[in-house]
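My numbering numbers the first residue of the sequence shown as 40 and each following residue consecutively. We put the beta carbon where it would ideally sit given N, CA and C, even for glycine. All of these numbers come straight from a predicted model, not from anything done at the bench. To start, the structure itself, in structure tokens.
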Amino acid sequence: MRLEGKVALITGGGSGMGKVASELFAAEGANVVLTDVNDEAGETTASSIGERAFYVHADVSQEADARSMVAAAVERFGRLDVLYNNAGIMPLDDGSVTDADGSIWDTVLAVNVKG
40 MRLEGKVALI TGGGSGMGKV ASELFAAEGA NVVLTDVNDE AGETTASSIG
90 ERAFYVHADV SQEADARSMV AAAVERFGRL DVLYNNAGIM PLDDGSVTDA
140 DGSIWDTVLA VNVKG
């Protein structure tokens, strides 16, 4: 297993590509700290992976949450080897990007760029 003994923190790990990444990292031997803003999805994913994973609620657009998720990983596993920045949003399901106001773009940039 390529990641045996490594500790990986995966943002947006509760669903979609983040969920798959969390499962694959664990299958390759990593201990996985997965974060998400959706507690139900995050807890369900961590539970389905088992002992190698645990869930931490974190909004990557918030600096305090980012610091807390790293601290939780180090506290639980003693170190952090891999950071997989997967969290991302695009809240304009059916709208045009030209319809988005400044607050939407502030949120998108905070999560997708800063987070």
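With 16 other Cβ atoms within 10 Å as the buried cut-off, status of residue i
{"i": "Ala65", "result": "buried"}
{"i": "Val95", "result": "buried"}
{"i": "Asn70", "result": "buried"}
{"i": "Lys58", "result": "buried"}
{"i": "Gly141", "result": "exposed"}
Of the listed residues the options, nearest to residue i (C-alpha basis)
{"i": "Val147", "options": "Asp120, Gly127 and Ser135", "result": "Gly127"}
{"i": "Asp120", "options": "Val109, Met129 and Pro130", "result": "Val109"}
{"i": "Asp75", "options": "Asp133, Arg118, Ala139 and Ser107", "result": "Ser107"}
{"i": "Ala149", "options": "Ala47, Gly141 and Ser100", "result": "Ser100"}
{"i": "Ser86", "options": "Gly154, Arg41, Val152 and Glu62", "result": "Glu62"}
{"i": "Asn124", "options": "Val46, Glu43, Gly52 and Glu114", "result": "Gly52"}
Opposing strand residues paired with residue i [DSSP bridges]
{"i": "Val46", "result": "Asn70"}
**Report entry** Length-filtered (3 minimum) beta strand (DSSP E) runs lying within the segment 59–95
**Finding:** 70–75
Checklist entry - Of all the beta strand (DSSP E) runs that stay within the bounds of the segment 92–146, which reach a length of 3 or more residues? => result 92–96 and 121–123
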